[in-house]
Amino acid sequence: MDFNRIVDKLESTDWSLIMNMEDANEAADNFNTILEMAINENTSYVVPKRSDRVIKPWITPGLMRCQKHRDNLHLEARRNPDNTFIQITYKRYRNFLYALQRKLKTEYENNQIQQNKDNPKKLWKTLKNICNLTRNTTEANELLSVDKDPDSSLNACNEYFTRVGRELADDTLRRLNTQEDLLAAEYKPRVLCKDSLFLQPTDPYEVGTLIDQLKKRYCTGYRQLHPKVD
Numbered sequence: 000m001d002f003n004r005i006v007d008k009l010e011s012t013d014w015s016l017i018m019n020m021e022d023a024n025e026a027a028d029n030f031n032t033i034l035e036m037a038i039n040e041n042t043s044y045v046v047p048k049r050s051d052r053v054i055k056p057w058i059t060p061g062l063m064r065c066q067k068h069r070d071n072l073h074l075e076a077r078r079n080p081d082n083t084f085i086q087i088t089y090k091r092y093r094n095f096l097y098a099l100q101r102k103l104k105t106e107y108e109n110n111q112i113q114q115n116k117d118n119p120k121k122l123w124k125t126l127k128n129i130c131n132l133t134r135n136t137t138e139a140n141e142l143l144s145v146d147k148d149p150d151s152s153l154n155a156c157n158e159y160f161t162r163v164g165r166e167l168a169d170d171t172l173r174r175l176n177t178q179e180d181l182l183a184a185e186y187k188p189r190v191l192c193k194d195s196l197f198l199q200p201t202d203p204y205e206v207g208t209l210i211d212q213l214k215k216r217y218c219t220g221y222r223q224l225h226p227k228v229d
C-alpha cells in the first residue's frame, strides 16, 4: 500500500459535491466509495516467497535471517567437504541456531500458558497446540468392512496387530541367522537420542546380567531375599 500516493489522490479529489449534499447517509457512502477507490488503486498484492513466510508464531524475522544464513553455510559446507574451517563454522552455527530455536519456542509456549492459565478453554487449546494434538482425525470406516460384519472385521484387525510384531521379529532372526538372546546381547547404542525412548526386550541374558550386578552382601526387595547362591 502506497500511502503517499493515496494522500495525493485524496488531496486532488473535489470534495465539494460531498460537502454540498443534504443527506448525511448519502454523503458518507460517497466518501467511503472515494476512499476505497483510492486505496484499491494504490495497493499492490505480492505473494511472499516460501522462505519468507512465518510458519510458526514464535519465529521472528531475525530468526528467519539466521535460518537463511545457516542454509547458506550448509551449501558452502557441501561444496567444500574437505575444508575443515568451513565444516566447523557450519556445525557451530547450526548447533547455535538449534539451541536458539528451542529457547524461543519454549519461551513462547510458557508465555501462552501463563496468559491463558485462568481460562480453561484457551489453556486446553494452547496445550493441544504445544503437543501437536490439533490434527484432524479420520474415521476408520475401511477397517469395519474388512470382513463380513463390523465385529468380524475388528477381530481380524486385532488378530493382525497381535501377530505382526512376532512375525517381523521372526523374519529378522531368520534373515540374520541368529537367536533372540544373542541378538539382544550384541546391541550397543552408539548415540543416545534425547528425543526418543527405546526399551530393550527382556531376555535371559539381561536377567542374568542384572543378577550378577547385585550386591551379595545386602538383601534387596520386599521379601529381603539374599542374592547369593550357594
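Numbering (this note's numbering), first residue to last: 0 to 229. C-beta atoms are modelled at their ideal positions from N, C-alpha and C, and glycine is treated no differently. Small disclaimer: the values here were computed from a predicted structure and weren't measured.
**Message:** Could you tell me which whole alpha helix (DSSP H) segments of length 4 or greater appear in the region 143-180?
**Reply:** 149-175
**Item:** Residue closest to Lys-55, alpha-carbon to alpha-carbon, out of Ala-27, Arg-77, Glu-166, Tyr-107
**Value:** Taking the sequence shown and counting its residues from 1, the one referred to as residue 55 is at position 56. Of the candidates Ala-27, Arg-77, Glu-166, Tyr-107, the one whose C-alpha sits nearest the C-alpha of Lys-55 is Tyr-107.
**Asked** Between the region 17-30 and the region 68-80, are three or more C-beta pairs nearer than 8 Å?
**Response** no
**Message:** Measuring only the C-alpha atoms, how far is Arg-93 from Ile-5?
**Reply:** As a position in the sequence shown, residue 93 is number 94, starting the count at 1. As a position in the sequence shown, residue 5 is number 6, starting the count at 1. Their Cα atoms are separated by approximately 45 Å.
**Request:** Drop a sphere of 10 angstroms on the beta-carbon of Tyr-159, count the other beta-carbons inside from all chains shown, and report buried for 16 or more, exposed for fewer.
**Result:** As a working mapping, residue 159 is identified with position 160 in the sequence shown. Exposed: under 16 other Cβ atoms inside 10 Å.
**Request:** For Tyr-89, name the three-state secondary structure that DSSP assigns.
**Result:** As a working note, residue 89 is residue 90 in the sequence shown. Three-state result, Tyr-89: helix.
**Request:** Buried or exposed for Tyr-89, please, with buried defined as at least 16 other CB atoms from any protein chain shown within 10 angstroms of its CB.
**Result:** Here residue 89 refers to the residue found at position 90 of the sequence shown. When all chains shown are included, Tyr-89 counts as buried.
**Asked** Is the number of C-beta pairs between the region 199-210 and the region 169-184 that are closer than 8 Å three or more?
**Response** yes
**Message:** Among the candidates Asn-19, Glu-21, Ser-11, whose CA atom is the shortest distance from the CA of Leu-34?
**Reply:** Along the sequence shown, one-based indexing puts residue 34 at 35. When each option's Cα is compared against that of Leu-34, the closest is Ser-11.
**Message:** Considering Cα atoms alone, identify which of Gln-212, Lys-120, Glu-179 is closest to Thr-201.
**Reply:** As a working mapping, residue 201 is identified with position 202 in the sequence shown. Residue Glu-179 is the option with its Cα nearest to Thr-201.
**Request:** Could you name each continuous alpha helix (DSSP H) segment of 4 residues or more that falls completely within the region 7-49, going from the start of the chain to the end?
**Result:** 15-18, 23-40
**Prompt:** In terms of alpha-carbon separation, which member of Cys-65, Gly-61, Pro-60, Met-0 lies closest to Tyr-44?
**Reply:** Position 45 of the sequence shown, counted from the first residue, corresponds to residue 44. Of Cys-65, Gly-61, Pro-60, Met-0, the residue nearest in Cα terms is Met-0.
**Message:** Here's the rule: buried if 16 or more other CB atoms are within 10 angstroms of the residue's CB, otherwise exposed. What is Thr-59?
**Reply:** Translated into the one-based positions of the sequence shown, residue 59 becomes position 60. Exposed, by the Cβ-count rule.
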